[in-house]
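Just so we're aligned, residue 477 is where the sequence shown starts under my numbering, counting upward by one.
A virtual CB, placed ideally from N, CA and C, is assigned to each residue, including glycine.
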Amino acid sequence: MREALILLAAFTAAVLAVPRRQQPSSGNGRLQTRDPDKEYHYNETIYQLLELDHHTQLFTQFISQFDDIVELLNTTTGNYTVFVPSDPALQEFTNNTSDPEELKKVTKYHIGIGVYSQKSFLSSPTFPTLLDSEQLGSYRHRISTQAGVNGSTINFSNGITQGNFFGSNGGIHGLETILTPPVSASDTLNAAPSTFSTLEEGLAKTGLLERTAHSGATYFAPTNAAFEKLGSEINSFLFSPKGKKYLTALLKYHIAVDHILYSDAYFSPAAEEPSPKPDHVDLPTLIREGELSIDITNTDGTIDFTINSLVSVAVPNVPVANGVIHVLDDVIIPSPPDYEPVAEAGELTLEELIARLDFYV
Numbered sequence: 477m478r479e480a481l482i483l484l485a486a487f488t489a490a491v492l493a494v495p496r497r498q499q500p501s502s503g504n505g506r507l508q509t510r511d512p513d514k515e516y517h518y519n520e521t522i523y524q525l526l527e528l529d530h531h532t533q534l535f536t537q538f539i540s541q542f543d544d545i546v547e548l549l550n551t552t553t554g555n556y557t558v559f560v561p562s563d564p565a566l567q568e569f570t571n572n573t574s575d576p577e578e579l580k581k582v583t584k585y586h587i588g589i590g591v592y593s594q595k596s597f598l599s600s601p602t603f604p605t606l607l608d609s610e611q612l613g614s615y616r617h618r619i620s621t622q623a624g625v626n627g628s629t630i631n632f633s634n635g636i637t638q639g640n641f642f643g644s645n646g647g648i649h650g651l652e653t654i655l656t657p658p659v660s661a662s663d664t665l666n667a668a669p670s671t672f673s674t675l676e677e678g679l680a681k682t683g684l685l686e687r688t689a690h691s692g693a694t695y696f697a698p699t700n701a702a703f704e705k706l707g708s709e710i711n712s713f714l715f716s717p718k719g720k721k722y723l724t725a726l727l728k729y730h731i732a733v734d735h736i737l738y739s740d741a742y743f744s745p746a747a748e749e750p751s752p753k754p755d756h757v758d759l760p761t762l763i764r765e766g767e768l769s770i771d772i773t774n775t776d777g778t779i780d781f782t783i784n785s786l787v788s789v790a791v792p793n794v795p796v797a798n799g800v801i802h803v804l805d806d807v808i809i810p811s812p813p814d815y816e817p818v819a820e821a822g823e824l825t826l827e828e829l830i831a832r833l834d835f836y837v
């Protein structure tokens, strides 16, 4: 699934990069700690620690323009995790961006709500930041974490250079680059045509992205390879004028509007707070009587995210401005009531596909 990770270019406006741990250096404007595992300074707040460390002076100057952020990081009534980009990355960003509103948004996206060590990334693959958005209603943008044997990354491509630096009100981790706030689902998919061009074409034909762009949603995104498994006959039919209504029903089954499901948090319209660590969710989609039966487990950082007991999520928790994307290696085929499902989507005939979708068109 490495190819699927190219979608992360939308977050960094860069080409696909293999996630890797950046080794700490003795300078270069990167946060350093004397203990590679952890360092505690319970007599200082996060902001005081940033002021004291000469490797974080530029970042401290950057956030000091926002009095409310400084006050927040100096308080002991709440806990936060701050991600500090390297000086070169921050300098490049500030050289190219002068809009105060944009600077404030980026600053907020570097501050997580709660205390998170690198070890805790195993059990907390996403967590909220200070950045909110009208597109998400009362919910906040989240960061996606990946903890692996080669080190930890944030949003799949931003390596942690050093971390586990704790004060009285939270922790600090150093990053190689800037954390760019998420872009829309459409822009994210558009950044990876070699992986999602078939899905993009389908969404454009049916107008579904425009319909859902205004509200928070969960998008299950089959790759080009997933569509290829259906075979040329089915694909030719779905993307023909005659098959458009079936394509619409099929893609609607991959979108849940007003429901945002991460592997470790579920935001539903009826809930004021997210449901933590969901293990089973019946997720309503855009088709009538078309719920997705979802089971999620997390074993020491290995996420098993299964849909209808048949389709596994290949890459979970890709944050986008209007919700979250989960990447699939298979297309999810709905089954109407009392229908005997076929075991593998790739074995479907065109006649079987039409029979299963007729109920929803």
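Where the alpha helix (DSSP H) through residue i begins and ends
| i | result |
| --- | --- |
| Phe559 | Run containing Phe559: none in the alpha helix (DSSP H); it sits in the beta strand (DSSP E), 556-561. |
| Ala701 | 700-704 |
| Thr576 | Correcting the residue identity first, residue 576 is Pro in this sequence and not Thr. Residues 576-585. |
| Ser670 | 669-682 |
| Val546 | 543-550 |
| Ile830 | 826-833 |
| Ser628 | Careful: Ser628 lies outside any alpha helix (DSSP H), inside the beta strand (DSSP E) at 627-630. |
| Tyr738 | Per DSSP, Tyr738 belongs to no alpha helix (DSSP H) and is neither H nor E. |
| Leu727 | 720-728 |
| Asp663 | 661-666 |
Exposure of residue i, with buried meaning 16 or more beta-carbon neighbours within 10 Å
| i | result |
| --- | --- |
| Leu612 | buried |
| Asp834 | exposed |
| Asp740 | buried |
| His586 | buried |
| Pro792 | buried |
| Asn571 | exposed |
| Asn634 | buried |
| Gly588 | buried |
| His530 | exposed |
| Ala600 | Position check: residue 600 holds Ser in this sequence, whereas Ala was assumed. It is buried - the Cβ of Ser600 has at least 16 other Cβ atoms within 10 Å. |
| Thr778 | exposed |
| Thr724 | buried |
| Val787 | buried |
| Thr573 | exposed |
| Leu624 | Reading off the sequence, residue 624 comes out as Gly, not Leu. That one is exposed. |
| Asn626 | exposed |
Best match in the options for proximity to residue i [C-alpha to C-alpha]
| i | options | result |
| --- | --- | --- |
| Thr544 | Ser609, Gln533, Ala702, Thr583 | Note that residue 544 is Asp in the sequence shown here, rather than Thr. Taking only the C-alpha atoms, the option nearest Asp544 is Thr583. |
| Thr605 | Lys595, Ser620, His531, Val659 | Ser620 |
| Gly639 | Tyr615, Ser596, Glu610 | Ser596 |
| Asp755 | Gly766, Leu762, Ile783 | Ile783 |
| Thr557 | Lys581, Phe603, Glu676, Lys580 | Phe603 |
| Gly692 | Ala797, Lys580, Asp575 | Ala797 |
| Val789 | Pro810, His730, Tyr815, Phe713 | His730 |
| Gly766 | Glu547, Pro813, Asn626, Phe715 | Pro813 |
| Ser660 | Gly624, Arg687, Ser811, Phe559 | Arg687 |
Limits of the unbroken beta strand (DSSP E) element including residue i
| i | result |
| --- | --- |
| Thr532 | No beta strand (DSSP E) contains Thr532, which DSSP labels as neither H nor E. |
| Leu655 | It is not in any beta strand (DSSP E) - Leu655 carries neither H nor E in the DSSP assignment. |
| Leu804 | 799-804 |
| Ile710 | Looking at the DSSP string, Ile710 is not in any beta strand (DSSP E); the run it does join, the alpha helix (DSSP H), is 708-714. |
| Leu598 | Where Leu598 is concerned, there is no enclosing beta strand (DSSP E), given that its DSSP letter is neither H nor E. |
| Asp771 | 768-775 |
| Thr621 | 616-624 |
| Thr637 | 634-643 |
| Thr778 | 778-783 |
| Asp755 | Neither: Asp755 is in no beta strand (DSSP E) and is coded neither H nor E. |
| Ser788 | 787-796 |
| Ile731 | 731-733 |
Sequence-distant residues of the same chain with beta carbon closer than 6 Å to residue i, five excluded per side
| i | result |
| --- | --- |
| Ile654 | Pro561, Ala565, Phe569 |
| Pro795 | Arg618, Ser620, Pro658 |
| Ser644 | Tyr518, Thr521, Thr552 |
| Ser501 | For Ser501, the predicted structure reports a pLDDT of 35, less than 50, and the residue's modelled location is therefore unreliable. A value from the coordinates is still provided. None. |
| Ser628 | Gln594, Phe597, Ile636 |
| Ala831 | none |
| Leu684 | Leu727 |
| Ile539 | Ile545, Thr583 |
| Leu829 | Ile710 |
| Asp608 | Arg616 |
| Asp780 | Thr773 |
| Pro745 | Asp734 |
| Leu549 | Ile522, Tyr523 |
| Gly840 | What is shown of the chain runs 477 to 837, which leaves residue 840 out entirely. |
Own chain, CB closer than 7 Å to residue i, minus 5 neighbours either side, in chain order
| i | result |
| --- | --- |
| Thr825 | none |
| Phe703 | Thr674, Asn711, Val807 |
| Lys721 | Val837 |
| Thr536 | Leu526, Glu527 |
| Phe542 | Lys580, Thr583 |
| Val757 | Leu737, Tyr742, Ile770 |
| Ala701 | Asp805 |
Beta-carbon proximity list for residue i, same chain, < 8 Å, skipping 5 on both sides
| i | result |
| --- | --- |
| Ala680 | none |
Closer than 8 Å to chain B by CB, residue i
| i | result |
| --- | --- |
| Gln622 | Among the protein chains of the structure shown there is no chain B, as only one such chain exists. |
Is the region 758-777 close to the region 668-680, with three or more CB pairs under 8 Å? no
Closer than 8 Å is the cut-off here; do at least three beta carbon pairs connect the region 697-708 with the region 793-812? yes
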